[in-house]
Structure formats: C-alpha cells, structure tokens
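One structure is given below, encoded as structure tokens.
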Amino acid sequence: MKEKKKNRMPAGMRRFLYVWIALIALLVAAILFLGLSPGHSESIKEVMKDGVLHNENRVRVFGLTVNPALISAWVVSGILLIGAAIIRFAALPHFRQTPGRLQGAVEKLVEFFRDMARGNSPHRTDFVAAYIFSAGVYVFFSTLFELFGLQVVSTKGVSVALPAPIADINAAIAMGFLSYGIILAAGIKNNGLKGALGVLKDFSLPISMSFRLFGALLSGLLVTELVYYYVTLSFVLPVVVGIMFTLLHALIQTYVLTTLVSVFYGEAVEPKGKKKKENQE
Amino acid sequence: MPLNIDFVQILLHMLNFVILAGGLTLLLYKPVCKFLDERQNHFDALARENEEKARENEALKAEYEEKLANAEQESAALKQKAETEAAETARSALDSAREKASAIIAAAEKEAEERKEHIMESAQTEIGELVVEAAQKLVNETATPERSIALYDEFIRELEAGKGPTAKRNGKKS
Numbered sequence: 000m001k002e003k004k005k006n007r008m009p010a011g012m013r014r015f016l017y018v019w020i021a022l023i024a025l026l027v028a029a030i031l032f033l034g035l036s037p038g039h040s041e042s043i044k045e046v047m048k049d050g051v052l053h054n055e056n057r058v059r060v061f062g063l064t065v066n067p068a069l070i071s072a073w074v075v076s077g078i079l080l081i082g083a084a085i086i087r088f089a090a091l092p093h094f095r096q097t098p099g100r101l102q103g104a105v106e107k108l109v110e111f112f113r114d115m116a117r118g119n120s121p122h123r124t125d126f127v128a129a130y131i132f133s134a135g136v137y138v139f140f141s142t143l144f145e146l147f148g149l150q151v152v153s154t155k156g157v158s159v160a161l162p163a164p165i166a167d168i169n170a171a172i173a174m175g176f177l178s179y180g181i182i183l184a185a186g187i188k189n190n191g192l193k194g195a196l197g198v199l200k201d202f203s204l205p206i207s208m209s210f211r212l213f214g215a216l217l218s219g220l221l222v223t224e225l226v227y228y229y230v231t232l233s234f235v236l237p238v239v240v241g242i243m244f245t246l247l248h249a250l251i252q253t254y255v256l257t258t259l260v261s262v263f264y265g266e267a268v269e270p271k272g273k274k275k276k277e278n279q280e
Numbered sequence: 000m001p002l003n004i005d006f007v008q009i010l011l012h013m014l015n016f017v018i019l020a021g022g023l024t025l026l027l028y029k030p031v032c033k034f035l036d037e038r039q040n041h042f043d044a045l046a047r048e049n050e051e052k053a054r055e056n057e058a059l060k061a062e063y064e065e066k067l068a069n070a071e072q073e074s075a076a077l078k079q080k081a082e083t084e085a086a087e088t089a090r091s092a093l094d095s096a097r098e099k100a101s102a103i104i105a106a107a108e109k110e111a112e113e114r115k116e117h118i119m120e121s122a123q124t125e126i127g128e129l130v131v132e133a134a135q136k137l138v139n140e141t142a143t144p145e146r147s148i149a150l151y152d153e154f155i156r157e158l159e160a161g162k163g164p165t166a167k168r169n170g171k172k173s
C-alpha cells in the first residue's frame with residue numbers, strides 16, 4: 000500500500016517536500032548555531048515579575064503613568080463601542096425575521112446573557128441582564144485581545160505587547176468591586192437595610208471575584224510569557240498555549256463572572272417579604 | 000501598595016468599563032432585545048391567530064356536522080312520515096275496499112235472501128194451490144155415488160163393531 004502511494008505521488012510534489020524539510024532543517028540549524036541569546040533586555044525573572052507587578056514597563060499617556068493593561072482596556076473598549084455602533088447603525092436596520100450569520104451571532108450573544116440573567120435572577124432582570132451582557136462581552140473580547148499582541152512603547156523606551164486588561168490586578172479589582180457594588184446597590188434599592196445586610200454577609204465576594212479573574216488571566220499571561228521568552232519554545236507551542244490560555248480562559252472567565260454576578264444579584268433583589276409570610280403560615 | 004495596586008488606575012478601569020457598559024447597553028443590548036421581543040411578539044401573535052383560526056375551524060366543523068346530522072334526521076323523519084302516510088293511504092284504501100266489498104256482499108246476501116224468501120213464498124202458494132188442485136182433482140175423481148155409499152157403509156160398520164173411526168184412521172195413518 001505504502002509503496003503504491005509513494006509511486007503515485009507526483010515527482011514535483013516529492014521535490015517540494017524535500018526542499019521544504021531541508022529548508023526547515025537548515026533554518027533551525029542556523030538558529031541553533033548562532034546561539035539562543037536573542038539579546039533580551041530583561042531576564043526571565045524580571046519579565047515574570049513585571050508580568051505580575053507592572054513596576055517596570057509602564058506607559059505614559061495623557062500625563063499619567065499607567066500600566067499597559069489600562070491602554071489595553073481603552074483600546075478594547077474603543078473597538079467594542081465602534082463595533083457596537085457599526086452593528087447598531089449598519090446591521091440592525093437590516094435585521095430580518097430569519098437571521099443571517101451576523102444577525103444570528105449577535106442575537107445568540109444577547110439571548111445567552113439574557114437567558115442567564117432570567118434563569119439566575121427572576122426578579123429585576125433587565126438591569127442585571129444588561130450588566131452581565133456588557134461584562135461578558137468585555138471580559139471575553141479583552142482576553143482575546145491579548146492574541147493580537149499590539150505593541151506600545153513603555154516609559155523605558157521598550158516596546159511591550161499589550162496584555163489582556165484583566166491580567167492586571169487593577170482591572171480585575173475594578174471588575175470585582177464594581178460588580179459587588181452593583182449587587183449591593185440593587186440589594187439596598189429592593190430590600191432596604193435587609194438587602195444590604197444580605198449582600199454584606201458575602202463580603203468575600205468582591206475579593207474572590209477580583210482575584211479569580213486576576214489569577215486566571217495572570218496564569219495564562221505568565222505561561223505565555225514563559226513560552227515566548229525562549230526561542231526554542233516558539234515554534235508550534237505558542238499556538239497550543241495561546242488557545243489554551245486565551246480562548247479557554249476567555250470563555251470560562253466570562254461564563255464564571257457573569258453567572259456569579261447574576262446569581263448574587265438575583266439573591267440580593269429577591270423579595271424578602273414573601274418568604275417570611277410563607278414561614279409564618 | 001502591595002501588588003502594585005493603584006487606586007487611580009482602578010477608578011480609571013471602572014470608568015472605562017462603565018462607559019463601555021453604558022455604550023454597549025444602549026447601542027447593542029437594548030436594540031437587539033427590542034428586536035427579539037418584537038419578533039417574539041410577532042410570532043406569538045401569529046400563533047394566537049392560528050389557534051383562533053383552528054378554533055374557528057373546529058366550531059365550523061362542529062356546526063356543519065350538526066347541520067348534517069340534523070339534515071339526516073330530518074330526511075329520516077320525512078321518510079318515515081311518507082312511509083306512514085303511504086301505509087295509511089294503503090290501509091284506508093284497503094279498508095274502504097273491504098268495506099265496499101263487504102257492503103256489496105251484504106247487499107248481495109240480502110238480495111239473495113230476499114229473492115229466496117220471495118221464491119219460497121211464491122213456491123209455497125204454488126204448492127198450496129197445487130195441493131188444493133190435486134185434492135180437488137182427487138176428490139172430483141173419487142167422489143162417485145157408489146163409492147160414497149160404500150164409504151158410508153163401511154163407516155157405519157166400523158162404528159157398530161165398536162171401533163172408533165179415529166182409531167182406525169190413526170192406525171191407518173201410522
């Protein structure tokens with residue numbers, strides 16, 4: 000069988016394969032010969048440490064010295080807003096009863112978060128649905144944003160790739176505490192002091208939400224940093240690692256954050272009076 | 000701050016996200032939700048309409064079936080009526096025929112009786128006449144003087160012998 004196949008393969012194809020493999024071998028040999036010291040300005044330790052703390056590579060923008068993740072957040076927000084505006088004014092007027100591809104995707108996205116909000120928070124669904132829709136879209140696309148690897152110049156004059164915004168602890172804390180603040184506000188608004196107390200007893204929620212996001216995204220960032228740092232690891236592995244730590248994290252963290260927010264929101268706004276009456280009876 | 004936590008940056012992130020959330024809600028979420036709701040309402044209305052139509056059809060069908068049943072019943076009643084009428088007409092015709100027949104028979108019997116009686120009557124008078132005639136004839140033939148005398152003699156003799164003439168006559172007769 001194998002011989003038959005070999006015989007069947009055209010001569011041109013065989014020549015192409017030989018040349019291709021030879022070229023790859025030659026290039027790898029040359030790279031290895033020249034040595035794997037690409038002249039990193041930072042050691043791996045510094046890179047890892049900076050990935051966590053963002054002490055070194057900071058960006059000056061509008062008179063502020065900020066972490067690159069903030070630039071990422073702004074860029075992602077800008078892209079998402081422009082995209083939303085384009086969909087709103089270019090695509091939405093042409094939406095039909097039987098959806099096309101873009102319409103189907105947009106509808107699915109909105110329906111997914113709306114159904115999640117309805118399932119987890121049957122009362123006062125509208126606000127939390129809009130919130131988790133926005134949060135979900137933001138977490139998902141900002142995590143994927145890492146894959147584009149847009150570059151900015153840091154204060155030290157080095158170009159740095161823009162990371163996922165939530166890989167920065169400040170963004171993660173912002174998301175966690177903002178979500179908690181919204182849940183708390185909804186609890187107070189709907190159930191007064193009791194609602195507030197009900198939410199406050201979950202005081203660990205904002206910290207856990209923040210650090211879950213941060214830890215998940217940061218682990219991906221560190222692993223990818225590690226992989227990208229060494230040239231020998233940079234042949235096929237980044238494809239696998241990029242998908243593993245970016246796409247999966249994007250999906251999982253989006254799902255986890257939105258589910259948590261909607262569940263706690265639903266608990267906070269659930270009418271308390273009825274339960275007591277039922278208990279009394 | 001530990002971990003390089005920076006409140007300004009946290010607030011900047013929050014501001015960024017709040018702007019993004021508001022924009023996404025206004026630009027994407029609300030209009031798409033509205034579109035979805037409208038479509039849902041549209042299909043709900045269609046479904047309701049269909050249901051109503053189905054119900055109407057059902058009612059019409061029931062009505063038609065009822066009408067059909069009524070018509071069948073009516074035709075059956077008509078048929079029965081016609082049958083009874085026909086039967087009655089036949090019976091009455093039969094009855095009148097029978098009556099007529101019996102009247103005819105009765106009249107015929109009566110006539111026959113009358114005729115018989117008449118015939119009998121006329122026959123009786125005729126017989127009587129015949130008898131009288133025959134008796135006269137007999138008397139006329141037998142009543143010669145000699146014979147009358149002989150009869151008288153015999154009668155006397157019998158009287159003398161002590162025999163009642165009646166007894167003799169009776170014995171003769173029996």
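Chain order of the listed sequences is A and B.
Be aware that the first sequence starts at 0, since it is given in numbering that gives the first Met the number 0, and climbs by one per residue.
Be aware that the second sequence starts at 0, since it is given in numbering that gives the first Met the number 0, and climbs by one per residue.
Every residue gets a Cβ at the ideal spot worked out from N, C-alpha and C, and that includes glycine.
Residues in its own chain within less than 6 Å of residue i by CB, not counting five upstream and five downstream?
i, result
"Val262/A", "Asn119"
"Ile43/A", "Tyr228"
"Lys66/B", "none"
"Ile103/B", "none"
"Leu204/A", "Tyr179"
"Pro144/B", "none"
"Leu137/B", "none"
"Thr253/A", "Gly135, Val138, Phe139"
"Lys115/B", "none"
"Cys52/B", "Cys is not the amino acid found at residue 52/B; the sequence shown has Lys there. So the list is empty, once near-sequence residues are dropped."
Do the CB positions of residue i and residue j come within less than 9 Å of each other?
i, j, result
"Ile168/A", "Ser218/A", "no"
"Val268/A", "Ala185/A", "yes"
"Leu79/A", "Leu19/B", "yes"
"Val198/A", "Ile187/A", "yes"
"Gly281/A", "Thr257/A", "Missing from the structure shown is residue 281/A; chain A here goes from 0 to 280 and no further."
"Phe139/A", "Val109/A", "no"
"Val260/A", "Tyr137/A", "no"
"Leu146/A", "Gly241/A", "yes"
"Leu149/A", "Leu161/A", "yes"
"Glu266/A", "Val31/B", "no"
"Ala166/A", "Gly22/B", "no"
"Asn66/A", "Asn3/B", "yes"
Cβ closer than 8 Å: which chain C residues qualify as neighbours of residue i?
i, result
"Ala20/B", "In the structure shown, chain C does not exist; the protein chains are A and B."
For residue i, go through chain A and note every residue whose CB falls closer than 7 Å to its CB, in chain order.
i, result
"Arg38/B", "Gln96"
"Asn15/B", "Ala72, Trp73, Ser76"
"Asp43/B", "The premise fails here: Asp43/B is roughly 13 Å from chain A at the closest Cβ pair, so nothing lies under 7 Å."
Near residue i, what residues of its chain come up, given a Cβ to Cβ distance below 7 Å and the 5 sequence neighbours on each side ignored?
i, result
"Met47/A", "Leu221, Glu224"
"Gln279/A", "Per-residue confidence for Gln279/A stands at a pLDDT of 43, beneath the threshold of 50, marking its modelled position as unreliable; the derived number appears in the next sentence. Counting only Cβ-Cβ distances below 7 Å, and skipping sequence neighbours, we find nothing."
"Glu125/B", "none"
"Lys78/B", "none"
"Val17/B", "none"
Please compile the residues from chain B whose C-beta is within a distance smaller than 7 Å of the C-beta of residue i.
i, result
"Ala84/A", "Leu26"
"Glu106/A", "Val31, Leu35"
"Asn66/A", "Gln8"
"Phe182/A", "The residue asked about is misnamed: residue 182/A is Ile in this sequence, not Phe. Residues of chain B passing the Cβ test: none, with the nearest at roughly 15 Å."
"Arg87/A", "Leu26, Leu27, Pro30"
Whose C-beta lies closer than 8 Å to the C-beta of residue i among residues of the same chain, with five residues either side of it excluded?
i, result
"Leu101/A", "Ile86, Ala90"
"Pro164/A", "Ala68, Leu69, Ser71, Ala72, Val75, Ser141, Phe144, Ala170"
"Val130/B", "none"
"Asp201/A", "Phe263"
Please compile the residues from chain B whose C-beta is within a distance smaller than 9 Å of the C-beta of residue i.
i, result
"Met174/A", "His12, Met13, Phe16"
Going along chain B, which residues have a C-beta under 8 Å from residue i?
i, result
"Glu110/A", "Leu35"
_Ranges of the alpha helix (DSSP H) found wholly within the region 164–210 of chain A, counting only runs of at least 4_ = Residue ranges of uninterrupted alpha helix (DSSP H) with 4 or more members, entirely inside the region 164–210 of chain A and ordered along the chain, are 168–199.
*asked:* Check whether the region 33–40 of chain B and the region 148–158 of chain A touch, using three or more Cβ-Cβ pairs below 8 Å as the test.
replied: no
*Could you say if the region 106–119 of chain A and the region 53–60 of chain B meet the contact criterion of at least three C-beta pairs nearer than 8 Å?*
Using a C-beta cut-off of 8 Å, the region 106–119 of chain A makes no contact with the region 53–60 of chain B, since fewer than three inter-stretch Cβ pairs fall below that distance.
_Touch test, the region 11–19 of chain B against the region 168–178 of chain A, Cβ-Cβ under 8 Å, three pairs minimum_ = yes
*Are the region 236–245 of chain A and the region 85–100 of chain A touching by the rule of at least three beta carbon pairs closer than 8 Å?*
no
*Report the residue ranges of all beta strand (DSSP E) runs contained in full by the region 39–96 of chain A; include only those spanning at least 3 residues, in chain order.*
58–60, 63–65
*Considering only residues of the region 85–158 of chain A, which uninterrupted alpha helix (DSSP H) runs meet the minimum length of 4 residues and lie entirely inside it, listed in chain order?*
100–119, 124–144
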